[in-house]
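Here the sequence shown stands for residues -25 to -1, 1 to 234, where the numbers follow mature numbering (1 follows the signal peptide of the UniProt record, and there is no 0).
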Amino acid sequence: MKSKLRFLICVGLLAIVAFPGSLLAQSNEDAQYEIGPDDTIQIQIWQRPDLSGTYVVDEQGKLNLPLIGLFTAEGKTAGALGKELERRFVIMDPGVSQVLVTVTGFNSRRFTVVGEVRAPGVYTFRKSPSLWDVILTAGGETPNADMSEVQIVRELGGGEVETINVDLSGGLNGTPSNSIPALKPGDSIVISSVQTNAVVGDQVQVLGAVRAPGVYSLKSATTVVEAVSVAGGHMESADLRKVKLARRGNSGAVVYGIN
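Right, here's the structure in full:
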(Lines of atoms letter the chains of each structure in order from A and count residues from 1; the text may use other names and numbers.)
(Lines give C-alpha, C1' and ligand atoms only; values in the text may rest on other atoms or scores of the structure.)
Protein backbone atom coordinates (compact mmCIF):
# COMPACT_ATOMS: atom_id res chain seq x y z
CA MET A 1 0.00 0.00 0.00
CA LYS A 2 1.37 3.35 -0.97
CA SER A 3 2.48 5.32 2.05
CA LYS A 4 0.56 8.52 2.56
CA LEU A 5 2.51 11.54 3.70
CA ARG A 6 1.43 15.00 4.58
CA PHE A 7 3.83 17.90 4.03
CA LEU A 8 3.84 21.52 5.02
CA ILE A 9 6.02 24.01 3.20
CA CYS A 10 6.36 27.47 4.66
CA VAL A 11 8.22 30.12 2.67
CA GLY A 12 10.03 32.51 5.00
CA LEU A 13 8.58 35.98 5.30
CA LEU A 14 10.43 39.24 5.03
CA ALA A 15 7.25 41.23 4.55
CA ILE A 16 6.63 43.74 7.31
CA VAL A 17 3.34 43.39 9.16
CA ALA A 18 2.58 47.03 9.84
CA PHE A 19 0.22 48.30 12.48
CA PRO A 20 -1.10 51.87 12.67
CA GLY A 21 0.32 53.98 15.43
CA SER A 22 0.89 57.58 16.36
CA LEU A 23 4.37 59.05 16.32
CA LEU A 24 3.47 61.00 19.43
CA ALA A 25 1.94 58.26 21.52
CA GLN A 26 1.53 54.49 21.52
CA SER A 27 -1.12 52.36 23.18
CA ASN A 28 -0.30 51.00 26.60
CA GLU A 29 0.09 47.52 25.09
CA ASP A 30 2.56 48.82 22.51
CA ALA A 31 4.42 50.77 25.19
CA GLN A 32 5.00 47.55 27.14
CA TYR A 33 6.02 45.54 24.08
CA GLU A 34 9.56 44.17 24.29
CA ILE A 35 11.44 44.43 21.01
CA GLY A 36 12.77 41.21 19.46
CA PRO A 37 14.44 39.85 16.30
CA ASP A 38 12.79 40.77 12.97
CA ASP A 39 10.83 43.64 14.52
CA THR A 40 10.77 46.85 12.50
CA ILE A 41 11.26 50.15 14.32
CA GLN A 42 11.10 53.77 13.24
CA ILE A 43 13.58 56.20 14.78
CA GLN A 44 13.05 59.96 14.65
CA ILE A 45 15.69 62.45 15.77
CA TRP A 46 14.33 65.96 15.42
CA GLN A 47 17.73 67.65 15.55
CA ARG A 48 19.29 65.17 13.09
CA PRO A 49 16.73 64.12 10.46
CA ASP A 50 19.60 62.61 8.47
CA LEU A 51 19.88 59.95 11.19
CA SER A 52 16.15 59.22 11.29
CA GLY A 53 14.86 56.13 9.50
CA THR A 54 13.33 52.67 9.63
CA TYR A 55 15.42 49.75 10.83
CA VAL A 56 14.97 45.99 11.26
CA VAL A 57 16.31 44.18 14.32
CA ASP A 58 18.58 41.34 13.18
CA GLU A 59 18.31 37.69 14.21
CA GLN A 60 20.68 38.30 17.13
CA GLY A 61 18.41 41.05 18.45
CA LYS A 62 20.76 43.86 17.43
CA LEU A 63 20.49 47.14 15.53
CA ASN A 64 23.18 48.74 13.40
CA LEU A 65 22.78 52.54 13.43
CA PRO A 66 24.82 55.43 12.04
CA LEU A 67 27.34 56.93 14.50
CA ILE A 68 26.49 54.32 17.14
CA GLY A 69 27.14 51.06 15.31
CA LEU A 70 25.94 47.65 16.49
CA PHE A 71 24.11 47.35 19.82
CA THR A 72 21.43 45.18 21.47
CA ALA A 73 17.78 46.22 21.12
CA GLU A 74 16.17 42.91 22.09
CA GLY A 75 14.27 42.94 25.37
CA LYS A 76 13.85 46.72 25.49
CA THR A 77 10.60 48.66 25.15
CA ALA A 78 10.37 51.47 22.60
CA GLY A 79 10.58 54.04 25.39
CA ALA A 80 13.64 52.45 27.00
CA LEU A 81 15.34 52.11 23.63
CA GLY A 82 14.65 55.77 22.86
CA LYS A 83 16.29 56.89 26.12
CA GLU A 84 19.32 54.69 25.48
CA LEU A 85 19.68 56.09 21.98
CA GLU A 86 19.50 59.63 23.36
CA ARG A 87 22.42 58.88 25.68
CA ARG A 88 24.45 57.32 22.88
CA PHE A 89 23.71 59.94 20.22
CA VAL A 90 24.40 62.91 22.51
CA ILE A 91 27.96 61.66 22.96
CA MET A 92 28.45 61.90 19.20
CA ASP A 93 26.35 65.05 18.75
CA PRO A 94 25.59 67.18 21.86
CA GLY A 95 22.81 68.89 19.92
CA VAL A 96 20.62 65.77 20.07
CA SER A 97 18.01 66.14 22.83
CA GLN A 98 15.22 63.74 21.91
CA VAL A 99 14.95 60.39 20.13
CA LEU A 100 11.51 58.92 19.44
CA VAL A 101 11.26 55.16 18.79
CA THR A 102 8.09 53.54 17.42
CA VAL A 103 7.62 49.82 16.72
CA THR A 104 5.97 49.57 13.30
CA GLY A 105 6.43 45.85 12.58
CA PHE A 106 5.62 43.37 15.35
CA ASN A 107 7.35 40.38 13.78
CA SER A 108 9.36 38.72 16.54
CA ARG A 109 6.44 36.77 18.04
CA ARG A 110 5.52 34.77 14.95
CA PHE A 111 3.76 31.39 15.08
CA THR A 112 2.62 28.94 12.39
CA VAL A 113 -0.60 26.92 12.78
CA VAL A 114 -1.35 23.98 10.48
CA GLY A 115 -3.80 21.10 10.33
CA GLU A 116 -7.35 21.04 11.68
CA VAL A 117 -7.97 24.73 12.35
CA ARG A 118 -10.31 26.96 10.39
CA ALA A 119 -7.64 29.38 9.20
CA PRO A 120 -4.17 27.79 9.03
CA GLY A 121 -1.38 30.27 8.57
CA VAL A 122 1.34 32.39 10.11
CA TYR A 123 0.33 34.81 12.88
CA THR A 124 2.17 37.51 14.80
CA PHE A 125 1.37 38.78 18.29
CA ARG A 126 2.24 41.92 20.22
CA LYS A 127 2.51 40.02 23.49
CA SER A 128 3.46 36.42 24.25
CA PRO A 129 0.41 34.25 23.46
CA SER A 130 -0.69 31.02 25.07
CA LEU A 131 -1.25 27.88 23.00
CA TRP A 132 -4.99 28.52 23.09
CA ASP A 133 -4.47 32.14 22.02
CA VAL A 134 -2.72 30.95 18.86
CA ILE A 135 -5.31 28.27 18.08
CA LEU A 136 -8.22 30.69 18.54
CA THR A 137 -6.50 33.33 16.41
CA ALA A 138 -6.34 30.69 13.66
CA GLY A 139 -10.12 30.38 13.86
CA GLY A 140 -10.25 27.59 16.43
CA GLU A 141 -10.24 23.87 15.87
CA THR A 142 -12.45 22.16 13.28
CA PRO A 143 -14.90 19.36 14.19
CA ASN A 144 -12.32 16.84 12.88
CA ALA A 145 -9.51 18.08 15.14
CA ASP A 146 -7.82 15.60 17.45
CA MET A 147 -7.18 17.88 20.42
CA SER A 148 -5.76 15.04 22.51
CA GLU A 149 -2.44 15.20 20.68
CA VAL A 150 -1.69 18.78 19.68
CA GLN A 151 1.96 19.17 18.70
CA ILE A 152 4.29 22.09 19.33
CA VAL A 153 7.21 21.87 16.90
CA ARG A 154 10.21 23.92 18.02
CA GLU A 155 13.54 24.51 16.30
CA LEU A 156 16.43 24.23 18.75
CA GLY A 157 19.18 25.36 16.40
CA GLY A 158 21.83 23.35 14.64
CA GLY A 159 19.17 21.52 12.67
CA GLU A 160 17.62 19.97 15.80
CA VAL A 161 13.86 20.02 16.30
CA GLU A 162 11.82 19.31 19.43
CA THR A 163 8.22 18.06 19.29
CA ILE A 164 6.04 18.56 22.37
CA ASN A 165 2.70 16.73 22.58
CA VAL A 166 -0.08 18.48 24.50
CA ASP A 167 -3.51 17.12 25.45
CA LEU A 168 -6.11 19.85 24.98
CA SER A 169 -9.09 17.49 24.82
CA GLY A 170 -10.43 19.05 28.03
CA GLY A 171 -11.23 22.19 26.08
CA LEU A 172 -10.46 25.83 26.75
CA ASN A 173 -11.64 25.69 30.37
CA GLY A 174 -11.14 22.00 31.02
CA THR A 175 -7.38 21.67 30.50
CA PRO A 176 -5.30 22.89 33.48
CA SER A 177 -3.25 25.87 32.34
CA ASN A 178 -0.22 24.66 34.29
CA SER A 179 -0.13 21.54 32.10
CA ILE A 180 0.15 23.58 28.90
CA PRO A 181 3.75 24.52 28.05
CA ALA A 182 4.60 28.13 27.24
CA LEU A 183 5.22 28.91 23.59
CA LYS A 184 8.40 30.38 22.17
CA PRO A 185 8.58 32.67 19.12
CA GLY A 186 8.89 30.64 15.93
CA ASP A 187 6.97 27.61 17.25
CA SER A 188 4.72 25.70 14.84
CA ILE A 189 1.42 24.26 16.09
CA VAL A 190 0.21 21.06 14.39
CA ILE A 191 -3.34 19.79 14.98
CA SER A 192 -4.08 16.35 13.57
CA SER A 193 -7.36 14.96 12.27
CA VAL A 194 -9.30 12.63 14.57
CA GLN A 195 -10.32 10.60 11.51
CA THR A 196 -6.80 9.70 10.46
CA ASN A 197 -4.68 10.80 13.44
CA ALA A 198 -2.63 12.61 10.84
CA VAL A 199 -2.94 15.85 8.97
CA VAL A 200 -4.95 14.35 6.04
CA GLY A 201 -3.73 12.27 3.07
CA ASP A 202 -1.66 12.85 -0.04
CA GLN A 203 -1.56 16.61 0.12
CA VAL A 204 0.90 19.43 0.58
CA GLN A 205 0.04 22.67 2.33
CA VAL A 206 1.99 25.74 1.24
CA LEU A 207 2.01 28.78 3.53
CA GLY A 208 3.88 32.03 3.81
CA ALA A 209 5.09 34.43 1.14
CA VAL A 210 3.58 32.69 -1.90
CA ARG A 211 0.94 34.16 -4.21
CA ALA A 212 -1.70 31.47 -3.65
CA PRO A 213 -1.21 29.74 -0.27
CA GLY A 214 -3.34 26.66 0.21
CA VAL A 215 -3.57 22.86 0.03
CA TYR A 216 -2.48 21.04 -3.14
CA SER A 217 -2.31 17.44 -4.33
CA LEU A 218 1.05 15.71 -4.17
CA LYS A 219 0.33 14.50 -7.71
CA SER A 220 0.90 18.04 -8.96
CA ALA A 221 3.78 18.83 -6.61
CA THR A 222 6.40 16.20 -5.80
CA THR A 223 9.27 18.54 -4.90
CA VAL A 224 9.52 21.69 -2.80
CA VAL A 225 10.15 23.78 -5.92
CA GLU A 226 7.05 22.33 -7.61
CA ALA A 227 4.96 22.94 -4.48
CA VAL A 228 5.96 26.59 -4.41
CA SER A 229 5.28 26.80 -8.14
CA VAL A 230 1.73 25.40 -7.95
CA ALA A 231 1.08 27.87 -5.12
CA GLY A 232 1.69 30.69 -7.58
CA GLY A 233 5.40 31.09 -6.97
CA HIS A 234 7.12 33.06 -4.25
CA MET A 235 6.48 36.74 -3.64
CA GLU A 236 9.20 39.36 -3.90
CA SER A 237 9.12 39.67 -0.11
CA ALA A 238 9.94 35.97 0.39
CA ASP A 239 13.17 34.99 2.13
CA LEU A 240 14.15 31.82 0.27
CA ARG A 241 16.86 31.16 2.86
CA LYS A 242 14.14 30.34 5.39
CA VAL A 243 12.01 27.78 3.55
CA LYS A 244 10.93 24.95 5.85
CA LEU A 245 9.48 21.51 5.15
CA ALA A 246 7.44 19.87 7.92
CA ARG A 247 6.78 16.13 7.64
CA ARG A 248 4.92 13.86 10.02
CA GLY A 249 7.16 11.08 11.35
CA ASN A 250 6.52 8.16 13.68
CA SER A 251 7.22 10.24 16.79
CA GLY A 252 5.77 13.55 15.60
CA ALA A 253 6.40 16.30 13.10
CA VAL A 254 9.91 16.69 11.71
CA VAL A 255 10.96 20.08 10.31
CA TYR A 256 13.72 20.51 7.74
CA GLY A 257 15.37 23.77 6.74
CA ILE A 258 15.74 24.18 2.96
CA ASN A 259 17.81 26.81 1.18
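Backbone N, C-alpha and C fix where the C-beta goes; we use that ideal spot for every residue, glycine too.
Measure how close the beta-carbons of residue i and residue j come, nearest whole angstrom, since I'm counting them as under 8 Å.
i: S27; j: Q19; result: 5 Å
i: T77; j: A53; result: 6 Å
i: G90; j: V181; result: Not confirmed; about 14 Å, so no contact.
i: D162; j: I110; result: Actually they do not touch by this definition, with Cβ atoms about 12 Å apart.
i: E49; j: P104; result: No, E49 and P104 are not in contact; Cβ-Cβ is about 18 Å, not under 8 Å.
i: R85; j: V97; result: 6 Å
i: E59; j: V71; result: Between V71 and E59 the Cβ distance is about 13 Å, and since that is not below 8 Å, they are no contact.
Secondary structure at residue i, three-state DSSP: helix, strand or coil?
i: T112; result: helix
i: F81; result: coil
i: L(-3); result: Its pLDDT being 33, under 50, L(-3) is placed unreliably by the model, and nothing is read from it.
i: F46; result: strand
i: A120; result: strand
i: Q7; result: helix
i: S105; result: coil
i: S168; result: strand
i: N153; result: helix
i: L147; result: coil
i: L38; result: strand
i: L182; result: strand
Would you check if the distance between the CB atom of residue i and the CB atom of residue j is smaller than 8 Å?
i: K217; j: Y231; result: no
i: D121; j: S168; result: yes
i: V32; j: D5; result: no
i: A206; j: A187; result: yes
i: L40; j: Y30; result: yes
i: R129; j: K102; result: no
i: T79; j: Q178; result: no
i: V141; j: P156; result: yes
i: V185; j: I233; result: no
i: V92; j: G115; result: yes
i: K51; j: L45; result: no
i: Q73; j: W107; result: no
i: F81; j: Y8; result: yes
In the DSSP assignment, the beta strand (DSSP E) including residue i goes from what residue to what residue?
i: R129; result: V125 to G132
i: G70; result: Unbroken run through G70: none, as it is neither H nor E.
i: E135; result: E135 to V141
i: G28; result: G28 to V31
i: Q17; result: T15 to I20
i: G96; result: G96 to T99
For the alpha helix (DSSP H) holding residue i, just list the boundary residues, first then last.
i: residue 265; result: For the chain, the structure presents residues -25 to 234; residue 265 sits outside this window and is missing.
Whole alpha helix (DSSP H) elements within the region 195 to 225, 4-residue minimum
199 to 205
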